[in-house]
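Report on the following structure.
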Amino acid sequence: MNPSNNLFLIGPMGAGKTVLGKRLARRYGLQFIDLDACISTTADTSIRDIFAQQGEPYFRQLESAELERISPNSGIVMATGGGAVLAEVNRQLLTSYGFVLYLEIDISTQLQRLVGDTKRPLLDGVDLMARLQGLSQQRNPIYQRLADCTLRVGSDLPIGTETRALALLAQRWQFPGKEPVT
């Protein structure tokens, strides 16, 4: 059992980190934080505009700064962006300040979830399947190394994913003083 004050959800875009994170935060009585939403609020513009106007390297700097600002807090469930694990400093923050749950998803399910999604700048003007395969090859080994445990997600409804996550977390993670509300 790994006692940590925070729960960090990592995984590729479309894995359901935000949806599951909100549900788990509610069940544990913790604060939910979406890292991309924090970046957007701090920058006072959309993630899409940050990518378009300043580029991905600038976005990654903002991402690291926000993670450094937020992660030392206690009692949060955070949905990270899919690329948050790329920077070593971010990986150190995640493992130092919380329990890391990797939401693993196969590319075909990810593709079904992301077709027509216009909010993700990394998917603009590319062959979606080829892009997802490339990101998967780059990032999945990092997710696997970083994770305290892995939850395979698929086509089940959010309640099913939540139920499986709660069962897994009951075995592997202990938030000091908190039990999930049933």
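Read in my numbering, the sequence shown has 77 at position 66, and its numbers run on one by one without any break.
Backbone N, C-alpha and C define an ideal beta-carbon position, used for all residues, glycine too.
Quiz item: Taking A158 as the reference, which of S119, A181 and T106 has the closest Cα?
Solution: Locating residue 158 in the sequence shown gives position 147, where the first residue counts as 1. Closest option to A158, Cα to Cα, is T106.
Quiz prompt | 8 Å Cβ cutoff met for A26 and V111 | solution = For the purposes of this step, residue 26 is identified with residue 15 of the sequence shown, where counting begins at 1. For the purposes of this step, residue 111 is identified with residue 100 of the sequence shown, where counting begins at 1. No, these two residues do not count as a Cβ contact at 8 Å.
Practice problem: Report buried or exposed for E99, applying the criterion of at least 16 other Cβ atoms within 10 angstroms of its Cβ. | Solution: Your numbering for residue 99 matches position 88 in the sequence shown. It counts as exposed.
Quiz item: Between L31 and L114, which are expected to be in contact by the criterion C-beta below 8 Å, what is the C-beta distance as a whole number of angstroms?
Solution: Here residue 31 refers to the residue found at position 20 when the sequence shown is read from its first residue. Here residue 114 refers to the residue found at position 103 when the sequence shown is read from its first residue. Going by Cβ atoms, the distance from L31 to L114 rounds to 7 Å, so yes, they are a contact pair.
Quiz item: By DSSP, does V126 sit in helix, in strand, or in coil?
Solution: The sequence position of residue 126 within the sequence shown is 115, counting from 1. The answer is coil: DSSP assigns V126 none of H, G, I, E or B.
Quiz item: From which residue to which residue does the alpha helix (DSSP H) around T29 run?
Solution: Counted from its first residue, the sequence shown places residue 29 at position 18. Unbroken alpha helix (DSSP H) run through T29: K28 to Y39.
Quiz item: Is it true that the segment 150-157 meets the segment 61-72, where meeting means three or more beta-carbon pairs spaced less than 8 Å apart?
Solution: no
Quiz prompt | Secondary structure of T161, DSSP reduced to three states | solution = In the sequence shown, counting from the first residue as 1, residue 161 sits at position 150. If DSSP states are grouped into helix, strand and coil, T161 belongs with the strands.
Exercise. To the nearest angstrom, report how far apart T172 and A90 are at their CA atoms.
Key: Position 161 of the sequence shown, counted from the start, is the residue given in the question as residue 172. Position 79 of the sequence shown, counted from the start, is the residue given in the question as residue 90. If you take the alpha carbons of T172 and A90, they lie about 15 Å apart.
Exercise. Measure the beta-carbon distance from L104 to S85 and round it to whole angstroms, keeping in mind my assumption that it falls under 8 Å.
Key: Residue 104 sits at position 93 when you count from the first residue of the sequence shown. Residue 85 sits at position 74 when you count from the first residue of the sequence shown. Not a contact, Cβ separation roughly 14 Å.
Quiz item: For M89, which beta-bridge partners are listed by DSSP?
Solution: Translated into positions along the sequence shown, residue 89 becomes position 78. BP columns for M89 point to F19 and I44.
Quiz item: With burial defined as no fewer than 16 other Cβ atoms inside 10 Å of the residue's Cβ, what is the status of A76: buried or exposed?
Solution: Locating residue 76 in the sequence shown gives position 65, where the first residue counts as 1. Exposed is the call here.
Quiz prompt | Pair within 8 Å by beta-carbon distance, I118 and Q155 | solution = Sequence index remark: in the sequence shown, residue 118 carries index 107 (1-based). Sequence index remark: in the sequence shown, residue 155 carries index 144 (1-based). Cβ distance not < 8 Å, so I118 and Q155 don't count as in contact.
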